[in-house]
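Asks: The following block contains the structure, expressed as structure tokens.
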Amino acid sequence: MKEKKYSLDGEYAKAKNKKYQEIIFFVHFYDGNRRALRRHRDLCLGLGFDCFSFTFNTPKSFLQLKFSSSGHFGLKHDYADQIEKMMNEVPGQKIVYAFSNPCASAMEAMARRNFGDIKAMICDSGPSGIFLQSTVNILRERKTMPRDWMNLISSPFWGFLWSPKFHSDLHDHLNEFPDGFPLLSIRGWKDELISAEQIDRAFEPHKQLAWRKLSLPQAKHLKGLKDFPDDYIPPVQSFLESVATKVC
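Taking the numbering used here, the leading residue of the sequence shown gets 1, the next gets one more, and so forth.
This is the structure we're talking about:
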């Protein structure tokens, strides 16, 4: 039987020893691709989960940015369109595993789809609930402008290209999450782009979430699994096992 072809370089990877019914649906970080999540995919495959990953079609210039299907301008919403499309292409119950600020795009797509096939979510290094500060941090890290004061004054412009609402609509989407929805928030205390405080500001107002923290005191942005596997893997495994359905 011919393997199904997916949009956006999508890849469905099957666990050699499948133990759980749910699929781990990966959403990579900005400026990444599905291959950048190989370490995380291999972890989940080894735990007995089938995995799906894809690569965002990111515009090469801000002049190519467009309005999303929901009528919103900005890359955040364009990404939400792409996530929604891929979720619709992949049948079955899913656990979303997202990274950095595109976690917010995944949340938007999940809210649009009313969570019918979404069992739980893992957010690694995001999203930021103080979005402009994370934008300044990213501009500094990338040395986008030659002077730091230029990064400060240009951050609203770059933030606008992500979403004119920055992340104010993040709370609207999180308000739509069902009562008791399981969510694991992974954060590194040495994250130079999105701090633990910024992440807490995203989740703390939403008391209906059954969310928990995995804090890694020495980890930097997106480096938890790579640099501290012994601290990272057991809590992630425990969370996944607590929300997944075993194959009979």
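We put the beta carbon where it would ideally sit given N, CA and C, even for glycine. Since we're looking at a predicted model, the values are computed, not measured.
When you compare only the Cα positions, how much space is there between residue 203 and residue 129?
Replies: Those two C-alpha atoms are separated by around 8 angstroms.
Asks: Are the CB atoms of residue 101 and residue 59 nearer to each other than 8 angstroms?
Replies: No, they are not a contact pair.
Asks: Using only CA atoms, which one of 208, 121, 189 lies nearest to residue 99?
Replies: It is 121.
Asks: Could you tell me which whole alpha helix (DSSP H) segments of length 4 or greater appear in the region 98-136?
Replies: 102-112, all fully within the region 98-136.
Asks: Please report the distance separating the alpha-carbon of residue 38 from that of residue 148.
Replies: In a straight line, the C-alpha of residue 38 is about 34 angstroms away from that of residue 148.
Asks: Taking Cβ to Cβ, would you say residue 94 is nearer than 8 angstroms to residue 119?
Replies: Going by C-beta atoms, residue 94 is nearer than 8 angstroms to residue 119.
Asks: Is it the case that the Cβ atoms of residue 96 and residue 177 are separated by a distance below 8 angstroms?
Replies: It is not a contact, given that the beta carbons lie outside the stated cut-off.
Asks: Would you please state the rounded distance, in angstroms, between the beta carbons of residue 76 and residue 163? I believe it to be under 8 angstroms.
Replies: About 4 angstroms separates the two Cβ atoms, so the contact holds.
Asks: Could you check whether residue 62 and residue 161 sit closer than 8 angstroms to each other, using their CB atoms as the reference points?
Replies: Yes, the Cβ-Cβ distance between residue 161 and residue 62 is below 8 angstroms.
Asks: Throw me the rounded Cβ distance for the residue 105 and residue 79 pair, which I believe falls under 8 angstroms.
Replies: About 4 angstroms; that satisfies the 8 angstroms criterion.
Asks: What is the DSSP secondary structure of residue 252, reduced to helix, strand or coil?
Replies: Since the first residue of the chain shown is 1 and the last is 248, residue 252 is not available in this structure.
Asks: So, for residue 226: in the same chain, excluding its five sequence neighbours on each side, which residues have a beta-carbon less than 7 angstroms away from its beta-carbon?
Replies: Excluding positions up to five away in sequence, the list reads 39.
Asks: Residues in its own chain within less than 6 angstroms of residue 217 by CB, not counting five upstream and five downstream?
Replies: Answer for residue 217: 189, listed in chain order.
Asks: Can you tell me which of the three DSSP states residue 30 falls into?
Replies: Three-state result, residue 30: coil.
Asks: Can you list, in chain order, the residues of its chain with a C-beta nearer than 6 angstroms to that of residue 231? Leave out the 5 residues immediately preceding and following it.
Replies: Cβ within range, chain order: 216.
Asks: Looking at the secondary structure, which residues open and close the beta strand (DSSP E) in which residue 214 lies?
Replies: Residue 214 -> beta strand (DSSP E) spans 210-216.
Asks: Beta-carbon within less than 6 angstroms of residue 110's beta-carbon, same chain only, minus the 5 sequence neighbours each way: which residues are those?
Replies: For residue 110, where only same-chain residues beyond five positions count, the Cβ hits under 6 angstroms are 118.
Asks: Verify whether the separation of the beta carbon atoms of residue 18 and residue 48 is less than 8 angstroms.
Replies: Yes, these two residues count as a Cβ contact at 8 angstroms.
Asks: Using only alpha-carbon positions, find the residue among 114, 22, 9, 169 that is nearest to residue 32.
Replies: Cα-wise, what sits closest to residue 32 is 9.
Asks: Could you compute how far the alpha carbon of residue 64 sits from the alpha carbon of residue 113?
Replies: Those two C-alpha atoms are separated by around 26 angstroms.
Asks: Figure out for me which residue from 20, 69, 175, 115 has the closest Cα to the Cα of residue 87.
Replies: Ranking 20, 69, 175, 115 by Cα distance to residue 87 puts 115 first.
Asks: Among 185, 83, 186, 183, which one has its Cα closest to the Cα of residue 56?
Replies: Closest by alpha carbon: 83.
Asks: Take residue 181 as the anchor and find which of 233, 154, 243 has the nearest alpha-carbon.
Replies: Ranking 233, 154, 243 by Cα distance to residue 181 puts 243 first.
Asks: DSSP three-state label for residue 52, please.
Replies: Here residue 52 sits in strand by DSSP.
Asks: Under 8 angstroms Cβ to Cβ from residue 191, same chain only, skipping five residues before and after it: list those, please.
Replies: Here the set comprises 125, 219, 220, 221.
Asks: Output the distance between the C-alpha atoms of residue 153 and residue 72, rounded to the nearest integer angstrom.
Replies: Approximately 24 angstroms, taken between the alpha carbons.
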